[in-house]
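Q: Heads up, our numbering is the position in the sequence shown plus 5, with the first residue counted as 1.
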Amino acid sequence: MQDAPRAQDSAIRAGYRRSLVFVALFLVYFFALQLGYSHAHDGAFARFFIETMTVKPSVWTINLLTPQEAVTAQAHRLVSPQARLSVLNGCEGVEAMFMLGAAILAFAASWRHKIMGAVLGLTLVYGLNQARIVSLYYLWRFDRDGFNVLHGVIGPTLIIVGSSLFFLWWAQRARGADARRAVA
């Protein structure tokens with residue numbers, strides 16, 4: 006009878022250790038990604054990510070939705086006759102991508118699942134951030150008070166919540182698939 010409580014205590018300790026390892030790895034990966042990007046934030050990589058990967062697709066989307074806006078991409082700015090919006094370091098969504106990427110890397114799952122999770126999750130975060138930038142343009146153009154709320158609170162919160170929910174969904178699927186493979 007005493008073996009059952011010991012086995013339960015052992016399982017709890019193992020789960021606790023796994024959680025600590027996950028948190029430690031997450032922090033190491035996240036800070037390494039942040040450090041690497043901070044050294045490149047003034048370089049060609051950061052300009053490519055902001056200008057090519059963030060500004061140009063946002064301009065394309067706005068012009069698709071409302072061609073009369075006639076928005077152009079000028080380096081890190083979305084420019085129209087009615088408004089100018091700058092996309093600076095921190096507005097491109099990399100911090101949320103780093104958080105999700107670090108969580109996926111730190112999670113105990115097969116590399117196959119990690120790669121799939123990273124591709125899907127980073128695509129989701131990228132898409133959410135693009136929607137945020139497009140929304141910010143329209144708010145800057147039509148409702149400056151709404152811009153401040155979306156820019157400072159709502160947008161970042163939605164991206165973090167979206168990436169967290171994705172991570173929970175992905176982790177559950179990855180853990181279940183790996184467990185099924187171990188049994189087979």
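Virtual Cβ for every residue (Gly too), placed ideally from N, Cα, C.
For the stretch 109-122 against the stretch 19-31, are there 3 or more C-beta pairs whose distance is under 8 angstroms?
A: Output reads yes: the stretch 19-31 touches the stretch 109-122.
Q: Rounding to the nearest angstrom, what Cα-Cα distance links Q135 and P62 in this structure?
A: Straight-line Cα distance between these residues: approximately 8 angstroms.
Q: List the endpoints of the continuous beta strand (DSSP E) containing L155.
A: Where L155 is concerned, there is no enclosing beta strand (DSSP E), given that its DSSP letter is neither H nor E.
Q: Taking just the CA atoms, how far does V26 sit from T59?
A: So the two alpha carbons sit approximately 34 angstroms from each other.
Q: In the DSSP assignment, find the unbroken beta strand (DSSP E) run with Q79 in it and report its ends.
A: 77-79 is the span of the beta strand (DSSP E), which, as asked, contains Q79.
Q: Per DSSP, which one or two residues make a beta bridge with S91?
A: Beta-bridge pairing links S91 to R82.
Q: Once the 5 residues before and after S140 are set aside, which same chain residues still bring their CB inside 7 angstroms of it?
A: Within the same chain, S140 has close Cβ partners L155.
Q: Given a threshold of 16 other Cβ atoms within 10 Å of its Cβ, counted over all protein chains shown, does Y142 qualify as buried or as exposed?
A: Y142 comes out buried.
Q: Report yes if the C-beta distance between A88 and W175 is below 8 angstroms; otherwise report no.
A: Result no, Cβ atoms of A88 and W175 do not sit closer than 8 angstroms.
Q: Quick one, which of P161, M121, L93 has its alpha-carbon nearest F54's?
A: Here the closest residue by C-alpha is L93.
Q: Answer with buried or exposed for I17, where buried requires no fewer than 16 other C-beta atoms within 10 angstroms of its C-beta.
A: Exposed: under 16 other Cβ atoms inside 10 Å.
Q: Quick check on F172: does DSSP put it in helix, strand or coil?
A: Three-state result, F172: helix.
Q: Any heavy atom of the ligand ATP closer than 7 angstroms to the Cβ of A29?
A: With respect to the ligand ATP, the structure shown offers nothing to examine, as it has no ligands at all.
Q: Is E100 helix, strand or coil by DSSP?
A: Correct three-state label for E100: helix.
Q: Is DSSP giving A113 helix, strand or coil here?
A: Residue state, collapsed to three classes: coil.
Q: Helix, strand or coil for G48 per DSSP?
A: G48: coil per DSSP, three-state reduction.
Q: State the start and end residues of the unbroken alpha helix (DSSP H) segment that holds V60.
A: Counting along the chain, V60 falls outside any alpha helix (DSSP H), and DSSP gives it neither H nor E.
Q: State the DSSP-derived secondary structure class of T71, mapped to helix, strand or coil.
A: Of the three classes helix, strand and coil, the one that applies to T71 here is coil, per DSSP.
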